[in-house]
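> Okay, handing you the structure first.
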Amino acid sequence: MTDRETLRAAAQAVASVTRRRQAEHQVRTDGGWVEPDPDLLDLVVECEDVIYSRRPEEPDLTDRLAAVLGDDWEP
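In the numbering used here, the protein residues as written are 33 to 107.
Written out as C-alpha coordinates, the structure reads:
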(Lines of atoms letter the chains of each structure in order from A; the text may use other names.)
(Lines give C-alpha, C1' and ligand atoms only; values in the text may rest on other atoms or scores of the structure.)
Protein backbone atom coordinates (compact mmCIF):
# COMPACT_ATOMS: atom_id res chain seq x y z
CA MET A 33 0.00 0.00 0.00
CA THR A 34 1.33 3.42 -1.00
CA ASP A 35 1.29 6.18 1.61
CA ARG A 36 -0.95 9.21 1.14
CA GLU A 37 1.82 11.78 0.72
CA THR A 38 3.42 9.76 -2.07
CA LEU A 39 0.07 9.37 -3.81
CA ARG A 40 -0.61 13.09 -3.43
CA ALA A 41 2.78 13.95 -4.95
CA ALA A 42 2.23 11.43 -7.75
CA ALA A 43 -1.21 12.87 -8.56
CA GLN A 44 0.31 16.35 -8.75
CA ALA A 45 3.12 15.08 -10.97
CA VAL A 46 0.67 13.34 -13.34
CA ALA A 47 -1.39 16.54 -13.54
CA SER A 48 1.82 18.38 -14.39
CA VAL A 49 2.57 15.88 -17.16
CA THR A 50 -0.93 16.48 -18.53
CA ARG A 51 -0.44 20.25 -18.57
CA ARG A 52 3.02 19.90 -20.13
CA ARG A 53 1.63 17.71 -22.93
CA GLN A 54 -1.09 20.28 -23.60
CA ALA A 55 1.50 23.08 -23.72
CA GLU A 56 3.74 21.08 -26.08
CA HIS A 57 0.78 20.50 -28.37
CA GLN A 58 -0.04 24.20 -28.32
CA VAL A 59 3.52 25.05 -29.37
CA ARG A 60 3.50 22.43 -32.16
CA THR A 61 0.18 23.61 -33.56
CA ASP A 62 0.82 27.35 -33.16
CA GLY A 63 -1.84 27.92 -30.54
CA GLY A 64 -4.07 24.89 -31.05
CA TRP A 65 -5.79 23.48 -28.00
CA VAL A 66 -6.13 19.82 -27.12
CA GLU A 67 -8.29 18.12 -24.50
CA PRO A 68 -6.38 16.76 -21.51
CA ASP A 69 -5.54 13.07 -21.81
CA PRO A 70 -8.54 11.29 -20.24
CA ASP A 71 -6.39 8.35 -19.09
CA LEU A 72 -4.08 10.69 -17.19
CA LEU A 73 -7.02 12.53 -15.66
CA ASP A 74 -8.52 9.20 -14.59
CA LEU A 75 -5.20 8.29 -12.97
CA VAL A 76 -5.17 11.56 -11.01
CA VAL A 77 -8.76 10.96 -9.85
CA GLU A 78 -7.92 7.39 -8.87
CA CYS A 79 -4.99 8.60 -6.75
CA GLU A 80 -7.21 11.15 -5.03
CA ASP A 81 -9.90 8.54 -4.44
CA VAL A 82 -7.35 6.25 -2.78
CA ILE A 83 -5.97 9.14 -0.70
CA TYR A 84 -9.42 9.95 0.67
CA SER A 85 -10.42 6.27 1.09
CA ARG A 86 -13.16 6.41 -1.53
CA ARG A 87 -11.74 3.31 -3.21
CA PRO A 88 -9.12 0.67 -2.47
CA GLU A 89 -5.71 0.89 -4.08
CA GLU A 90 -5.48 -1.32 -7.16
CA PRO A 91 -2.45 -3.65 -7.22
CA ASP A 92 -1.18 -2.12 -10.48
CA LEU A 93 -1.50 1.55 -9.47
CA THR A 94 2.21 2.02 -8.81
CA ASP A 95 3.04 0.36 -12.14
CA ARG A 96 0.70 2.72 -14.00
CA LEU A 97 2.17 5.71 -12.19
CA ALA A 98 5.68 4.54 -13.07
CA ALA A 99 4.65 4.19 -16.73
CA VAL A 100 3.62 7.86 -16.78
CA LEU A 101 6.23 9.36 -14.46
CA GLY A 102 9.16 7.05 -15.16
CA ASP A 103 10.82 4.52 -12.89
CA ASP A 104 13.21 7.12 -11.51
CA TRP A 105 10.47 9.50 -10.27
CA GLU A 106 10.55 10.33 -6.58
CA PRO A 107 8.20 12.56 -4.60
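Beta carbons are placed, not taken as given, at the ideal position from N, Cα and C, and that holds for glycine. All of these numbers come straight from a predicted model, not from anything done at the bench.
How far does the alpha helix (DSSP H) with R36 in it reach, from first residue to last?
For the purposes of this step, residue 36 is identified with residue 4 of the sequence shown, where counting begins at 1. From DSSP, the alpha helix (DSSP H) with R36 extends over R36 to R60.
> Check each candidate in T94, R52 and E89 and name the one with the smallest Cα separation from P68.
In the sequence shown, counting from the first residue as 1, residue 68 sits at position 36. For P68, the nearest C-alpha among the options comes from R52.
> Helix, strand or coil for E89? Go by DSSP, reduced to three states.
Here residue 89 refers to the residue found at position 57 when the sequence shown is read from its first residue. Coil at E89, not helix or strand.
> Quick one, which of T61, V100 and C79 has its alpha-carbon nearest E90's?
The sequence position of residue 90 within the sequence shown is 58, counting from 1. The residue with the shortest Cα to Cα distance from E90 is C79.
> Per DSSP, what kind of secondary structure is E78 in: helix, strand or coil?
Sequence index remark: in the sequence shown, residue 78 carries index 46 (1-based). In this structure, E78 counts as helix in the three-state DSSP scheme.
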